[in-house]
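Colleague:
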Amino acid sequence: MATAPPRGALIVFEGGDRCGKTTQCSKIVERLKSQGVDAVMWRFPDRSTSIGAAINAYLSNQSQLDDAVIHMLFVANRLEKREEMLRLLAGGTTLVLDRYSYSGVAYTAAKAVAHLSIDYCKSLEVVLPAADLVVHMSMSPEATAARGGYGEERYEKVEFQARVMEAFAQLRDERWAAIDAAGTIDAIHEQVAAVVEPAVRRAQEGAPLGRLWD
Ligand code: TMP
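Counted from 1, the sequence shown has number 1353 at position 22 by the working numbering; the numbering is strictly sequential.
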């Protein structure tokens, strides 16, 4: 009987807006590929689906939505990709995600709406796979605000981003690696590689894929 291939790793990048996550995701995917690892990058929200289009309209201030509704749309946008995620991981593809459930929980928690507590938000996504590694890129909200294009989207406000950072701090777990996002692209990339490469190896060697928030 044929044995299953080694599974892919689920690597998640998190952090505030404009901290350089997308650049680092692309660079680590290229590096992994050059090492022969089958790796792809995804972004959440995935704005290409109909749910993603509704999210995009909200983020670009073209629509107004209740806080619970936009939260559920972000959750649904991940759940609609669940089967494909599981299939890719089981088939040996490493997924590098530019944001995941941690953003969902942290951004909603930063709104401090009583009926959208951290525990409640977490409970909505427990059917998703857990990250093998969360790379949290941290940078002061004032520094990210100085970056080009800042302020175009709904949540790009210094005071709100500071609350998002506090919420992220409450989500730290043993899978979490904190990276200072204020260095050069290449220096940050080396720090990222130093935590991502072992996580990919652990998955290839059979570390079980967990359930989110377990
Ligand atoms: P992006 O700039 O990485 O495309 O993310 C879009 C914005 O949506 C960003 O401000 C973070 C926010 N967000 C949430 O509020 N909840 C979520 O679940 C996700 C994935 C992103």
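Glycine included, every Cβ here is placed at the ideal spot set by N, Cα and C.
Using the beta-carbon count (16 or more within 10 Å), is Gln1366 buried or exposed?
Modeller: Along the sequence shown, read from residue 1 onward, the residue named residue 1366 stands at position 35. Looking at its Cβ environment, which holds fewer than 16 other Cβ atoms inside 10 Å, Gln1366 is exposed.
Colleague: Quick one: is Asp1463 buried, meaning 16 or more other Cβ sit within 10 Å of its Cβ, or exposed?
Modeller: Position 132 of the sequence shown, counting from 1, holds the residue named residue 1463. The residue in question, Asp1463, is buried, as its Cβ has 16 or more Cβ neighbours within 10 Å.
Colleague: Across which residues does DSSP place Ala1524 in a beta bridge pair?
Modeller: Taking the first residue of the sequence shown as position 1, residue 1524 is located at position 193. Its beta-bridge partners do not exist; DSSP assigns none.
Colleague: Can we count Glu1497 as close to the ligand TMP, meaning its CB is less than 8 Å from some heavy atom?
Modeller: Taking the first residue of the sequence shown as 1, we reach residue 1497 at position 166. Glu1497 Cβ: outside cutoff for every heavy atom of the ligand TMP.
Colleague: Return the CA-CA distance between Gly1435 and Phe1499, expressed in angstroms with no decimal places.
Modeller: Position 104 of the sequence shown, counted from the start, is the residue given in the question as residue 1435. Position 168 of the sequence shown, counted from the start, is the residue given in the question as residue 1499. Gly1435 and Phe1499: Cα-Cα distance of roughly 10 Å.
Colleague: Who pairs with Asp1429 in a beta bridge, going by DSSP?
Modeller: Here residue 1429 refers to the residue found at position 98 of the sequence shown. Phe1344, Arg1374, per the DSSP bridge assignment.
Colleague: When the distance is taken between beta carbons, is Thr1425 closer than 9 Å to Val1466?
Modeller: The residue labelled residue 1466 in the question sits at position 135 within the sequence shown. The residue labelled residue 1425 in the question sits at position 94 within the sequence shown. No, the pair does not count as a contact, with Cβ atoms beyond the cut-off.
Colleague: Return the chain-ordered list of same chain residues with a C-beta closer than 7 Å to the C-beta of Val1526, the five sequence neighbours on each side being excluded.
Modeller: Here residue 1526 is taken as the residue at index 195 of the sequence shown, counted from 1. Here the set comprises Leu1464, Val1466, Ala1508.
Colleague: Note down, in chain order, each residue of its chain lying with its Cβ closer than 7 Å to the Cβ of Leu1543, except the 5 sequence neighbours on either side.
Modeller: Within the sequence shown, numbered from 1, the residue matching residue 1543 stands at position 212. Closer than 7 Å at the Cβ level, and outside the excluded window around Leu1543, lie Ser1432, Glu1456, Val1457, Leu1459, Pro1460, Ala1461.
Colleague: How long is the line joining the alpha carbons of Ala1394 and Asp1504, rounded to whole angstroms?
Modeller: Along the sequence shown, read from residue 1 onward, the residue named residue 1394 stands at position 63. Along the sequence shown, read from residue 1 onward, the residue named residue 1504 stands at position 173. Checking the displayed sequence, the identity of residue 1394 turns out to be Ser instead of Ala. Spanning the two alpha carbons is a distance of roughly 35 Å.
Colleague: Mapping the DSSP letters down to three states, classify Ser1469 as helix, strand or coil.
Modeller: Reading the sequence shown from its first residue, position 138 is the one you call residue 1469. In the structure shown, Ser1469 sits in a strand (DSSP, three-state: E or B).
Colleague: By how many angstroms is the C-alpha of Val1444 removed from the C-alpha of Tyr1438?
Modeller: By 1-based counting over the sequence shown, the position of residue 1438 is 107. By 1-based counting over the sequence shown, the position of residue 1444 is 113. Cα-Cα distance, rounded: 11 Å.
Colleague: Buried or exposed for Asn1392, going by 16 or more other Cβ atoms inside 10 Å?
Modeller: For the purposes of this step, residue 1392 is taken as the residue at position 61 of the sequence shown. Exposed, since its Cβ has fewer than 16 Cβ neighbours within 10 Å.
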